[in-house]
Amino acid sequence: MRGTVTPRVTGPDRPPTEPENRTMSQSYAAEEGTPAAAPVEVPHGAGDAVLSIRDLEVEFPTQLGVVRALNGVTFDVPRGKVLGIVGESGCGKSVTARAILQIIEKPGRITGGSITLRSVGGETEITGLSPDSARMRELRGREIAMIFQEPMSSLNPVYTIGAQIAEAVLIHQTRNREEAHKRAVEMLRQVGMPHPEAAAASYPHQLSGGMRQRAMIAMALSCNPTVLIADEPTTALDVTTEAQILELIRNVRDRAGMSIMFITHSMGVVAQLCEEVIVMYLGRIVERGSVDDLFYDPKHPYTRALLRSIPRIGRNRKAPLEVIEGSVPDPHTRVAGCPFHPRCPEAIPGRCDTTVPALSTAGPGHTVHCHLYQGDDETGRTEPGEDA
Amino acid sequence: MLIVVARRAVYMIVTLAVVSVLSFAIIAAPPGSALSQKISQLQSQGGEVTEAQIAALKEQYGVDESWFTQYGKWISGFWHGDFGFSFTLNEPVGSLIWSRLGLSLLLSIGALLIAWGLSIPLGVYSATHRRSLPDNVITVIQFVGVAIPEFLFALVVMTLAANYLGADVGGLFSSQYENAPWSWAKFTDLLEHLWIPLVVIAAGSTAWLTRVMRANLLDVLNNQYVQTARAKGVSERKVIWKHAVRNSLHPLVMTFGTTFPVLISGEAIVSIVLNLPTIGPLLVNSLLNKDMYVAGTILLMLSALLVIGNFVADLLLTVIDPRIRVGE
Amino acid sequence: MTTTPPPPVTEPPAPSALADAGNGAATLPQWRLMLRRFLKNRLAVASSVVLVVLYVCAILAPFLSPNPYDQQNVDLKNASPTAVIWSGGPAICSREQQLDTETFTYEYRSDCSKPVPLRFFGKGYEYKLFGLIPTDRHLVTVDKPHTLLIWGADSAGRDVFARSMQGARVSLTIGLLGVAVGTFLGATIGTISGYFRGAVDTLLQRFIELLMSLPTLPLWLALAAILPQDMSVTSRYFLITLILSLVGWASLARQIRGKVMSYAASDYVAAARIAGSSSARIVFRHLIPNASSHIVATAMLAVPATIIAETSLSFLGVGMLPPAVSWGVLLSDAQNVATVQQYPWLLIPAALVVLAVTCFQLIGDGLRDAVDPYG
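Protein chains in written order, with the working numbering: chain D, 73 to 460; chain A, 21 to 348; chain C, -2 to 372.
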């Protein structure tokens, strides 16, 4: 996977990923050479999806009006793979992640759709659970774990790292404090933390950003969740640390066969890590497909624009870096028709600004929401009933 | 850690030294001295005041000396517990102050405990049930609570207690226990008298601290680590009390330094209204009578309490927040 | 954050595309946004209205009062509020003072069979409206020899309502004035301290810490007690104002210093400095305008404490002194429970204090939220 795409598209300033902490690692950390997961020919049949999200809608009532953060989002998280979710800030990536765990900040709330989790214990309809119910709490951390963007602020400053990891273990796995502590240290060792005992006894502010993110990952993995949601876990880190963390996440997938939902705004990171990608814009999915589909044959004008805006080594230096015309509209405005049409160079007047494009299939496992591929064009097999 | 404590201790002493000069200067500044007050007092009692008497009084009061010399005499007495002499009450300042200071401290600290004990749960409830009816009620009470001057609240509570509870208000003891030896009955009588000042003194600070607590907690609840805790399956009650409240206590402890003077001020004014033998009424009288050694000593003592209060707050902070503990 | 850096030149989106609701918010000037947020806060707006009414009352005090505020009347010692009845129009009962020979207190007997009608805009005592226009018209009057005492009378038979209105003049201005002086001091010193840092900052901060380690009320008491008892009302007013502001500026200076420090560290100040702006220019063009909204909000939040302070000092007999009239002075008549139980109307000025302070507080809160909605 990695081998196929990275040479073609490199993320901004990305050095080749360095294997790190080889000496410390026993489990997830480093050691390359394990066969990468099978490339993505498999279309996403719902049968093999760990998480199925259908027509998810989330609204935030604010003083200036209701902000619709998600407008009917439908996708599956495939088992044992890394699904990337890409988009600009405010496109609804993080809201989607929080909706799955039902930890959306007030006053935001899920107003429609369903989220289904298929784990060892069977199927669970998450939207049917009350956010503070015992069952929902049981799912959090145990079935679905989450890593947040800011390693600086995502750990509680007044408790030690060890205590915070042990807390999760104590909730889900054991009642024995000593055992939980041991497990915490063990997890820290597994994520390649140097001196895990000392790290467990230290407070968040005593660790560097990268180490804190490792601690977060250790916490997330401590109860062997079925799905790991990573919400821009490397955005706040410098490039070298980012490479190390990405390597760690890759190893987590390879060793534990964990399903990972990886949220990022960086196409470069997607290329390095993911097998399937969803591109979101203004609370809607605009395109979904395998990494190869998206990088070699992007359909949606927004995806194409995103790809063009990545600086590439070896390109004509004098040519200006391409940017997407316009900017993301104010969240309070409702854009009629296709959300991207005000910025789209190929917008069809009279069509794109009136109706929301339905889903079209662009190939096996490759779908797009765009009027360009509907009705009269070659791929235009529309699926009615969606987003109408 | 020890170095920090030592540095703070030195700083405290320097502050107190400056405060002592300042308070003495303030008190010594006004024209019309205790002496002239004393003379007019003696004259009004109907006695002729002879030149010799005046001279003797001048000698005793040390009026002719510069204020700096007076200050020197006053402050050097502190080493052996001699705070000077009250001109109007004809008593050494030391014997006047100690029992009153004790009662003042008892009231202030009691009120502080009440204020904290109430404001933390109230603030937490208010913040976690935002815009609910109880939150709005608490908010309104807070606003009014902060808006009512202490003396007024004291008057109202006293009047209500006198009217509806038939309580014997004002003073420390009912008349029959005034001079009785200590007994259980006398103790309960004391408590019956103390609850009104305690409630009154604590009310304003409770209202204020509830607001602080509510705002802090709302701030903290926006933090990512609260979401982290939720995401690992911690129950909402534990998210609030273990993760959020612990972090929002921080500014509350910092306000310890500012709450304490407010309580002492409140105690002073409430005691005047309720006629309690604390430091407050003594200070007002000594200021009005230019009884400078009494006033100066009280000002200095109160400042000392404050500085110590701040010091305690700093220490508490290091206990609560590991960032400060290790960061220093 | 984004992979797509915002373009330097942007074609505005087609007007048809974007509904214009809320979109205008981004283009309004800063102060208009603040005003809009403030106006959304209903409590704050209502408080502003109430305060305006109170200030108007203070200005029109003699017009509103049927009796001069300093007129003593032995026949009306501690008279209770006059009951207003309806008798073909608003009217009051006539009443007579009687001395209860057993308790030696005055009692008043109302006689509602002979109602005395209220007259609007009738003639009464002479005064100068706004201190300029001589007139004798009053909002409400009654025919002599009756007296309209809607809030009763004090121990010298003076009209509590008239005194409360007159007292508002002192109580409602002394807080504002004290805070204004304190704000000026605090803002100046805070800006200097935060901008120049170094030794100046250290020195000022130590001084502020020192000032803050003195207990407020005792310090106020001590300072107010210095003032000679026989000063003129006006000079005492200004000196008390000064004393109140002397204590309050310290915490304000602290806050301003913090703000200025954060602004001074910002890029645009660095840019201004590189462009060769002088310190004075940076302070006056960049720092003060930026901090001003915070200064106003903080100052507003300091008004309640100052009003309470004046009231408390006057209540204790060291603030404003009779013959001056302020709400605190009026309340000093009600120092003990017995008085309050017998003549509860003497506490009416206290209700005004609470009302005014609550309003100032709500406005201050509203302003702070408007200035810094996320803080």
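Positions of the beta carbon are idealized from the N, C-alpha and C atoms, including for glycine. All values derive from a computational prediction rather than experimental measurement.
To the nearest whole angstrom, what separates the beta carbons of residue i and residue j, a pair I think is in contact under 8 Å?
| i | j | result |
| --- | --- | --- |
| Ile134 (chain A) | Leu218 (chain A) | 6 Å |
| Lys6 (chain A) | Met291 (chain D) | Outside the modelled stretch of chain A, which goes from 21 to 348, sits residue 6 (chain A), for which no answer is possible. |
| Val349 (chain D) | Val358 (chain D) | Their Cβ separation, rounded to whole angstroms, is 11 Å, which puts Val349 (chain D) and Val358 (chain D) out of contact at 8 Å. |
| Leu36 (chain A) | Ala324 (chain A) | 6 Å |
| Ala462 (chain D) | Leu279 (chain D) | The requested residue 462 (chain D) does not occur in the structure, where chain D is confined to residues 73 to 460. |
| Gly121 (chain C) | Asp133 (chain C) | 6 Å |
| Leu302 (chain A) | Val293 (chain A) | With a Cβ gap of about 15 Å, Leu302 (chain A) and Val293 (chain A) do not count as contacting. |
| Pro429 (chain D) | His443 (chain D) | 5 Å |
Quick one: using the 10 Å Cβ neighbour count with 16 as the cut-off for buried, is residue i buried or exposed?
| i | result |
| --- | --- |
| Ser294 (chain D) | buried |
| Ala159 (chain C) | buried |
| Gly104 (chain A) | buried |
| Leu129 (chain C) | exposed |
| Val220 (chain A) | buried |
| Ser225 (chain D) | buried |
| Tyr245 (chain A) | buried |
| Thr89 (chain A) | exposed |
| Ser62 (chain C) | buried |
| Gly194 (chain D) | exposed |
| Arg94 (chain D) | Low local confidence applies: a pLDDT of 35 at Arg94 (chain D) is under 50, so the model's placement there is unreliable, with the coordinate-based value given in what follows. With fewer than 16 other Cβ atoms within 10 Å, it is exposed. |
| Asp227 (chain C) | exposed |
| Ile157 (chain D) | buried |
| Phe357 (chain C) | buried |
| Asn64 (chain C) | buried |
| His267 (chain D) | exposed |
| Gly187 (chain C) | buried |
| Arg86 (chain D) | In this prediction, Arg86 (chain D) scores a pLDDT of 40, lower than 50, which makes its location untrustworthy; the coordinate-derived value is nonetheless stated afterwards. Arg86 (chain D) should be labelled buried. |
| Tyr265 (chain C) | exposed |
| Pro84 (chain D) | Its pLDDT being 42, under 50, Pro84 (chain D) is placed unreliably in this model, and the coordinates cannot settle the point. |
Can you pull the DSSP bridge partners for residue i?
| i | result |
| --- | --- |
| Met333 (chain D) | D:Leu155, D:Ile301 |
| Pro373 (chain D) | For Pro373 (chain D), which the question treats as bridged, DSSP gives no partner whatsoever. |
| Tyr124 (chain C) | C:Thr132 |
| Ala150 (chain C) | C:Asp156 |
| Trp83 (chain C) | C:Pro87 |
| Met352 (chain D) | D:Ile357 |
| Leu189 (chain D) | D:Leu123, D:Thr196 |
| Gly172 (chain C) | Answer is none; Gly172 (chain C) lacks a bridge partner. |
| Gly435 (chain D) | D:His438 |
| Ile219 (chain D) | D:Ala302 |
| Asp108 (chain C) | C:Ser91 |
| Arg116 (chain C) | C:Thr138 |
| Arg325 (chain D) | Answer is none; Arg325 (chain D) lacks a bridge partner. |
| Arg212 (chain D) | D:Ile216 |
Under 8 Å, do residue i and residue j count as touching if we go by C-beta distance?
| i | j | result |
| --- | --- | --- |
| Ala221 (chain C) | Ile240 (chain C) | yes |
| Arg406 (chain D) | Val154 (chain D) | no |
| Phe163 (chain A) | Val290 (chain A) | no |
| Asp425 (chain D) | Gly409 (chain D) | yes |
| Ile243 (chain D) | Val254 (chain A) | yes |
| Gly143 (chain A) | Arg234 (chain A) | yes |
| Val41 (chain A) | Leu207 (chain C) | no |
| Ser190 (chain C) | Ala250 (chain C) | yes |
| Ile117 (chain A) | Thr317 (chain A) | yes |
| Met297 (chain C) | Ser248 (chain C) | no |
| Trp324 (chain C) | Gly164 (chain C) | yes |
| Trp28 (chain C) | Val157 (chain C) | no |
| Val178 (chain C) | Thr238 (chain C) | yes |
| Thr138 (chain C) | Gly154 (chain C) | no |
Inset, instruction - Could I get the ranges of all uninterrupted alpha helix (DSSP H) runs contained in the segment 116 to 186 of chain D, with 4 residues as the minimum, in chain order? - result: Secondary structure remark: continuous alpha helix (DSSP H) runs of at least 4 residues inside the segment 116 to 186 of chain D, in chain order: 165 to 173.
Inset, instruction - May I have a chain-ordered list of the beta strand (DSSP E) segments no shorter than 3 residues that lie completely inside the segment 235 to 316 of chain D? - result: As far as the segment 235 to 316 of chain D is concerned, its whole beta strand (DSSP E) runs of at least 3 residues are 299 to 303.
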